[in-house]
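**Q** Sharing a structure, written as structure tokens. Questions coming.
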Amino acid sequence: MHLFFVRHGQTEYNLKNIVQGATCDSPLTQTGIQQAKNAGEKLKDIQFHTAYVSPLGRAKETLKWIEKENQAGISQIIPDDRLREIHFGKYDGQPIQRLQDDEILSLYRNYPDHFDKTLTGGEDYYDLENRGKDFIYEITKKEPEDANILIVSHAVFLTTLLKRLMHCPMPEIRKEGLLGNASISVLEWDPVHERCTLLAYNE
Numbered sequence: 001m002h003l004f005f006v007r008h009g010q011t012e013y014n015l016k017n018i019v020q021g022a023t024c025d026s027p028l029t030q031t032g033i034q035q036a037k038n039a040g041e042k043l044k045d046i047q048f049h050t051a052y053v054s055p056l057g058r059a060k061e062t063l064k065w066i067e068k069e070n071q072a073g074i075s076q077i078i079p080d081d082r083l084r085e086i087h088f089g090k091y092d093g094q095p096i097q098r099l100q101d102d103e104i105l106s107l108y109r110n111y112p113d114h115f116d117k118t119l120t121g122g123e124d125y126y127d128l129e130n131r132g133k134d135f136i137y138e139i140t141k142k143e144p145e146d147a148n149i150l151i152v153s154h155a156v157f158l159t160t161l162l163k164r165l166m167h168c169p170m171p172e173i174r175k176e177g178l179l180g181n182a183s184i185s186v187l188e189w190d191p192v193h194e195r196c197t198l199l200a201y202n203e
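Under full-length UniProt numbering, the sequence shown has 118 at position 118, and the numbering climbs by one with no breaks.
In structure tokens form, the structure reads like this:
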């Protein structure tokens, strides 16, 4: 089984440097649309048994453009709430510039293992890992063993999930930064032993 992870394309809030988590959304920019098309072009010859997508508009819009470029077919599309971006709590929708000197934001960015979700009223990285792994273990048990599966989601969520699946220590998951807009990462998944091999990351 091969799992293809794609982050959504650039959005209006990405461009304006506004915090964009689970409770706010903005449409793709023209650049973001082109990024999604480019991802679709790279994946055009792959037949997907299922595409799972975050219910947020920016992820669904990205999948729409990927599907338009795909020539091999996507058999079914399933939204899944577990693929939402991290819930930033009171920071969702806030301009990042306004938060530059905020100690909580510094913890969030630089010390994932010490980030305290009670300070924001949202989620922490362990919440992302738990719901992400719950999703992965569930779908890999029910999908065909030789299937190609597309997963369209968000930067913090996908970075956390992929790093933790590859056994990266929690304090180090952001050291290489977050996944880029419309980037593609690929795992080969062994459903019998529930383990994976990284074939591509942030490409």
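All residues carry an ideal CB built from backbone N, CA and C; glycine is no exception.
1) Would you call the stretch 74-90 and the stretch 118-130 in contact, with 3 or more CB pairs under 8 Å?
2) Applying the 10 Å Cβ sphere with the 16-neighbour rule, what's the burial state of T159?
3) Please specify which runs of the beta strand (DSSP E), each continuous and at least 3 residues long, are wholly inside the stretch 77-164, giving them in chain order.
4) Leaving out the 5 sequence neighbours to the left and right, which residues in its chain are closer than 6 Å to S75 when beta-carbon positions are compared?
5) Per the DSSP calculation, T23 is bridged to which residue(s)?
6) Exposed or buried, what is G9 when buried is set at 16 or more other beta-carbons lying within 10 Å of its beta-carbon?
7) Out of T62, E143, I18, A36, point me to the one whose CA is closest to residue 273's CA.
8) Between the Cα of K133 and those of K163, S185, G40, K42, spot the shortest distance and give me the residue it belongs to.
9) Can N202 and L187 be called in contact, C-beta distance under 8 Å?
**A** This is what the structure gives:
1) yes
2) buried
3) 77-79, 148-153
4) H49
5) In the DSSP output, where bridge partners are listed per residue, T23 has none listed.
6) buried
7) With the chain covering 1 to 203 only, the question about residue 273 has no answer from this structure.
8) K163
9) no
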